[in-house]
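These notes concern the structure reproduced below.
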Amino acid sequence: MTRISTLGMDGAAENIDLYEILGIDRGASQPEIKKAYHKAALSSHPDKVAEHERDEADNKFKSISKAYEILYNDDKRHLYDTHGMAAFESSHGNGMDAGGDLEEMLQQMFGMNIRGGMPPGFGGAARPQKPRKGDDEEHPYQVTLEELYKGKTAKFASTKNIICSHCKGSGGKEKAKPKQCASCNGKGVKQALRHISPGMAVPEMVMCSSCRGKGGVYNPKDKCRKCKGECVTQARKVLEIYIPRGSKEGDRIILEGEADQIPNQEPGDIIFGLVQTEHPTFRRAGVDLSADIEVTLAEALCGFSRVVIKHLDGRGIHLQHPQPIARVLKPGQVIKVSGEGMPYKKSDMKGDLYLVVNIGFPEHDWLVKNQAVTKLQELLPEPDKPIETDVVDHVTYDESANLDDFGAGAEGEGWVDDDEEEDGEGPECAQQ
Ligand SMILES: [Zn+2]
Ligand SMILES: [Zn+2]
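Read in order, the letters of the sequence shown are residues 1 to 432 in UniProt numbering.
What follows is the structure, given as structure tokens:
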């Protein structure tokens, strides 16, 4: 039996060393992983070994393929590096976000494949389902961009199950002995069918719900009085999370072991996934920020020195646009302010702030005196040379048109040019 299937039967999936399977070290690059995979796959291909070694080679070949599948994909590799195989295993519990893709991969990895049934070496027994660690609880946590900029500490009151302090989680009175659970014959687990897709199911072991996996139950008179045989009681606890400055949407804040306590099981984590609310002024990309600023036409032409925007920590950002050096701001022009973006985590550095200039033109009728127009005209640059053409048409126009209408009126198919009709081609032809 190969190493991987032995481990699989124990359920200790997180101990599998995928790097060892491929014979590479942990810093291996993608090309190195690919090369190692080709080499390993070739040497253990089931077609290349003697008949009696075929089963083992087959298993080894499968584990090599799976190791490659995980390590060659950056996302999966990162998951594996940070959490071991447990990262893939957690999708097996009744977790909230079971990744179907990973789950399927794990099934294949442990031979519980849908088409072929159990592979050699498994003896038909499904992987034990009793988890070493309880399920993690994931919650979204909304934060503003200001909070991500400055960092934040938040407190929560959480009500969770804790192991009963009176019976220490046994559920029974002192000296009382549980009797064997009739539902699972004392095994704590029962076989059940898990439906993978309509009409397809695989057998798996699930925790017995009658005895909660303990194999024994107490008579009503022997149950612990504090928890009434439930083994756990409810407790309130104040939890505190710290969101470091520079955090971003999708970051996870993990409170280790703060999920419900279950007897004989390490409690899972409470995980907060940050979700950023949209900001009315600032947009964020990595550590950079961008925002629009409003500048009047006079300021764009004549210069200004003022606060143009209020930053996320309440500071005013002052720009001095020099004049009279004849520098002009144009619509859509982008001004970059270095070091005024989002903070880097655990560092004093910051990204950059990109300010996009909007020029506010005056409204109609802003100019009351005609002589002022003449003055302005004298001041502003002269128009370009006139466009020379042989024929000039004076046209009427609509000043408030919309580019959304552009192309909307052109029904090319049904449209018939007057000239064509006169040329003798009937409308029937033109309709085609
Ligand atoms: Zn108790
Ligand atoms: Zn039971």
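Heads up, the beta-carbon is just placed ideally off N, CA and C, and yes, glycines get one too.
Burial state of residue i (16 or more Cβ within 10 Å)
| i | result |
| --- | --- |
| R327 | exposed |
| M200 | exposed |
| C302 | exposed |
| V395 | exposed |
| L18 | buried |
| D136 | buried |
| R252 | exposed |
| residue 442 | The requested residue 442 is not part of the displayed model; the chain covers only 1 to 432. |
| D10 | A caution first: D10 carries a pLDDT of 35, below 50, which makes its placement in the model unreliable, though a value can still be read off. Answer is exposed; the Cβ neighbour count stays below 16. |
| Q142 | exposed |
| Q261 | buried |
| R225 | exposed |
| A125 | Its pLDDT being 39, under 50, A125 is placed unreliably in this model, and the coordinates cannot settle the point. |
| Y397 | exposed |
| D25 | exposed |
| F61 | buried |
| E299 | buried |
| F406 | exposed |
| I16 | buried |
| N59 | buried |
| D97 | For D97, the pLDDT reaches just 36, beneath the cut-off of 50, and the residue's location in the model is therefore unreliable, although a value from the coordinates is still provided. The residue in question, D97, is exposed, as its Cβ has fewer than 16 Cβ neighbours within 10 Å. |
| S197 | exposed |
| G268 | buried |
| V295 | buried |
| R115 | Any reading at R115 must be qualified, since the residue scores a pLDDT of 34, below 50, and its modelled position is unreliable; no value is offered. |
| V392 | exposed |
| K76 | buried |
| I70 | buried |
| I309 | buried |
| S44 | buried |
| I387 | exposed |
| I270 | buried |
| A401 | exposed |
| A235 | exposed |
Beta-carbon gap between residue i and residue j smaller than 8 Å
| i | j | result |
| --- | --- | --- |
| C231 | P263 | yes |
| D222 | K173 | yes |
| G360 | K350 | no |
| K160 | A259 | yes |
| V238 | A157 | yes |
| A57 | L22 | no |
| I33 | Y72 | yes |
| K248 | L148 | yes |
| G229 | C211 | no |
| G134 | Q333 | no |
| Q180 | G171 | no |
| P140 | G246 | no |
| D348 | S338 | no |
| L297 | P362 | yes |
| G213 | P178 | no |
| A41 | S63 | no |
| H279 | L145 | yes |
| Y218 | A285 | no |
For residue i, the residue or residues it bridges with in DSSP
| i | result |
| --- | --- |
| R139 | First, the amino acid is wrong: residue 139 is His here, not Arg. DSSP lists F272 as partners of H139. |
| P203 | L193 |
| Q30 | Answer by DSSP bridge pairing: none, since Q30 is not bridged. |
| R236 | T159 |
| K223 | G172 |
| G216 | Q180 |
| E266 | K133 |
| K152 | I243 |
| R77 | Bridge partners of R77: none, in fact. |
| R252 | G273 |
Test: residue i CB closer than 8 Å to a CB of chain D
| i | result |
| --- | --- |
| P343 | The displayed structure is made up of one protein chain only, and chain D is not part of it. |
Count the CB pairs spanning the region 343-356 and the region 287-306 that are closer than 8 Å, and state whether there are at least three. yes
What runs of the beta strand (DSSP E), each 3 residues or longer, lie entirely inside the region 331-416? 334-337 and 353-360
Complete alpha helix (DSSP H) runs within the region 282-327 (minimum length 4 residues, chain order): 297-302
Please confirm if the region 242-254 is in contact with the region 156-171, defined as three or more CB-CB distances below 8 Å between the two stretches. no
Is it a yes or a no for the region 315-322 touching the region 266-275, going by three-plus beta-carbon pairs under 8 Å? no
Taking contact to mean 3 or more Cβ pairs, one atom from each stretch, closer than 8 Å, check whether the region 180-196 and the region 206-216 are in contact. yes
So which residues touch the region around ligand 3, with touch meaning a C-beta under 5 Å from any heavy atom? Annotation note on ligand 3: not contained in the displayed structure, which lists ligand 1 and ligand 2 as its ligands.
Can you check the region 164-190 for any alpha helix (DSSP H) of at least 4 residues that lies completely inside it and give the ranges in chain order? none
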